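Protein chains in written order, with my numbering: chain A, 1 to 226; chain B, 227 to 445.
Positions of the beta carbon are idealized from the N, C-alpha and C atoms, including for glycine.
It should be emphasised that the depicted structure is a prediction, and the values quoted were computed from it without experimental measurement.
In what follows, a single structure is set out as structure tokens and then discussed.
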Amino acid sequence: MKTAWIFVVLGVAFLVAGSYLGLFVAPAEEYMGNVQRIMYVHVPTAWNWMLAVLYAFGAAIAFLFTANAKWDARLEAGLEVSTLLAFLLCCQGSIWAKPTWGVWWDWDPRLTSVAVLLFASIGIIALRGFVDDPHRRAVWSAVATIIASVDLPIVYYSVKWWNSLHQQQSSPQTVSSQFHLPLRLNAFGVLFLMIGFIMLRTRVANMNRARETALPPMTEHAGEIA
Amino acid sequence: MLIASLRKELLLQWRTRSQFMAVFVFGAATLLLFSFGVGPNAEMLRTFSSGFLWLGLLMSSTLTLSESFHGEMENRALEGLLLLPSDPRALYYGKAIANWLQLTLLGCALVPVMVVLYDAGTTQLLKLLLIIALGAAGLSAPGTLYAAMTAQVRAKQTLLPLLLFPLIVPALLASVKATSLVILGDPMQQSRSWIALLGAFDLIYWSLCGLLYGRVVEE
Chain A
1 MKTAWIFVVL GVAFLVAGSY LGLFVAPAEE YMGNVQRIMY VHVPTAWNWM LAVLYAFGAA
61 IAFLFTANAK WDARLEAGLE VSTLLAFLLC CQGSIWAKPT WGVWWDWDPR LTSVAVLLFA
121 SIGIIALRGF VDDPHRRAVW SAVATIIASV DLPIVYYSVK WWNSLHQQQS SPQTVSSQFH
181 LPLRLNAFGV LFLMIGFIML RTRVANMNRA RETALPPMTE HAGEIA
Chain B
227 MLIASLRKEL LLQWRTRSQF MAVFVFGAAT LLLFSFGVGP NAEMLRTFSS GFLWLGLLMS
287 STLTLSESFH GEMENRALEG LLLLPSDPRA LYYGKAIANW LQLTLLGCAL VPVMVVLYDA
347 GTTQLLKLLL IIALGAAGLS APGTLYAAMT AQVRAKQTLL PLLLFPLIVP ALLASVKATS
407 LVILGDPMQQ SRSWIALLGA FDLIYWSLCG LLYGRVVEE
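Here you go:
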């Protein structure tokens, strides 16, 4: 519990520092100007979104093998945090795309895969909401998470093939060193924040589960009624 | 065991064939409605015809798929089936193959409607049949698995499309692309690679879903 809050505080601190450097200290990019500064939050979000998806996928597999409810709580946390990050990614991407490409949306493989997985994870969260039996809910959402995660590379490559017009990824060599520090600070900021959120959300999931599976409270007159 | 399961599914489908007719009319009606979304532009309708065909089939498939588990939920028939000394995978593949055959038939039945409405004919009928069969297989494998889950919960009508639609994006994309290459001409011979992509998608999901089905229906 305490560790989770330490991660949240650390994450916010890193984000504040990185964003300050990114907004006020780092120079504006030559061609894109100030618009490029959204990259200082966009790229860290993208990296950490992938980590969150991997985490949910790992938790789903671990649950199917162990049937331990702890993994279900982790899956729930990972799913929700990755949904949040995917939503943020789509919003940030659109904000960046409008002034740069002139459109809110572009059928770029990365953009499209994030959107597809966003809808898939919303579907799984909705499924969780409609199943009352905790064990069944856990198994089904683990199965659905595995199926959706396997889909991610297929979506990525099929969209890439379908629409060969896309931006090349930047490698560290093509990024000037003045842009590195704010990017790295923010990457760790989002990472710590994500870990903190996942830990807190796992705790809530565990508590909900305990409440669900608890026996109804015994009353003084329970024996007499029977 | 698989043969027995498949026989049961096919018999069920044959006895409820009026249901198939209703789904077909639904699919044909969506094809009719799509043209109102575009307007009476013959050239444009022809360009988009393959997309409309597949969207029509996708919409209809949710009806077929959820209906395929409707009977199992009545009188807790699914529980009875699971009590049989058999592998649940046989039940899954029986149902998935039956759904695949029905969706392929539905796709083939929708082709003449598409030809009439959008003037989108082709002479490569065998290739078209192959694409429809592969695309229907891509819908049926994950669709049957998700239908098994959603049939048992509240709000099944909403949940099945919500889970299925994002998942089958690659299959839909490849089917639409391959079909439109067949209809509009394929000077670069690209349809082969789209068909290969569809085949790969089918292979992955037919094996993965069969593997996971046992966990979905377990008590």
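Counting C-beta pairs with one atom in each stretch, the segment 428-443 of chain B and the segment 312-332 of chain B have three or more that are closer than 8 Å, which means they touch.
For the 8 Å CB-CB criterion, T273(B) and L354(B) do not form a contact.
In terms of Cβ geometry, T288(B) and N325(B) do not form a close pair [threshold 8 Å]. Just so you know, the alpha carbons of D151(A) and F391(B) end up roughly 12 Å apart.
Here the alpha carbon of V395(B) sits roughly 34 Å from the alpha carbon of N206(A).
As far as DSSP is concerned, G93(A) takes part in no beta bridge. Annotated three-state conformation of G425(B) is helix, per DSSP.
Per the DSSP secondary-structure output, G440(B) pairs with nothing in a beta bridge.
Contact annotation, L193(A) with G11(A): C-beta distance approximately 3 Å; criterion of less than 8 Å satisfied. By the C-beta density criterion, Y20(A) is exposed, having fewer than 16 other C-beta atoms within 10 angstroms.
G265(B) has no beta-bridge partner at all, per DSSP. Secondary structure at G33(A): strand, using DSSP grouped into helix, strand and coil.
Taking a cut-off of 8 Å for Cβ pairs, the segment 337-351 of chain B and the segment 407-418 of chain B touch, as three or more such pairs fall below it.
The criterion of a C-beta distance shorter than 8 Å is satisfied by V35(A) and T100(A).
Distance between A373(B) and V9(A), taken at the CA atoms: about 43 Å. Sequence-ordered contacts of the segment 344-376 of chain B with chain A read P368 and M375 [C-beta pairs closer than 7 Å].
For W5(A), the number of other beta carbons within 10 angstroms of its own is below 16, and it is reported as exposed. In this structure the segment 90-100 of chain A does not touch the segment 59-73 of chain A; the number of beta carbon pairs closer than 8 Å is below three. At a cut-off of 8 Å between beta carbons, I430(B) contacts chain A.
A distance of 8 Å or more separates the beta carbons of L236(B) and A148(A). I357(B) places its beta carbon less than 8 Å from that of I421(B). Interface annotation, D151(A): in contact with chain B, CB-CB separation under 8 Å. Interface flag for W101(A) against chain B is unset, since no Cβ pair is found closer than 8 Å. The beta carbon of L118(A) sits closer than 7 Å to those of T83, A86, F87 and C90, all from its chain and outside the five residues before and after it, given in chain order. With a threshold of 8 Å between beta carbons, G93(A) makes no contact with chain B. Here Q328(B) carries a helix assignment [DSSP, helix/strand/coil].
At a cut-off of 8 Å between beta-carbon atoms, L236(B) makes no contact with chain A. A377(B) and P368(B) have their C-alpha atoms spaced approximately 14 Å apart. Counting other Cβ atoms within 10 Å of its Cβ, F262(B) stays below 16 and is therefore classed as exposed.
Contact annotation for A400(B) against chain A: S158 [CB-CB distance below 7 Å, chain order]. Close CB contacts of F250(B) within its chain, under the 7 Å cut and outside five residues either way in sequence, are with L332 and A335 (chain order). In this structure, the beta-carbon distance from L360(B) to G425(B) falls below 8 Å. In the displayed model, N68(A) falls within coil according to three-state DSSP, outside both helix and strand.
Using a Cβ-Cβ cut-off of 8 Å, F65(A) is close to nothing in chain B; its nearest Cβ partner there is about 11 Å away. Under the criterion of beta carbons closer than 8 Å, G33(A) and N186(A) do not qualify as touching, at roughly 19 Å. Look at W140(A): its C-beta is under 8 Å from a C-beta on chain B.
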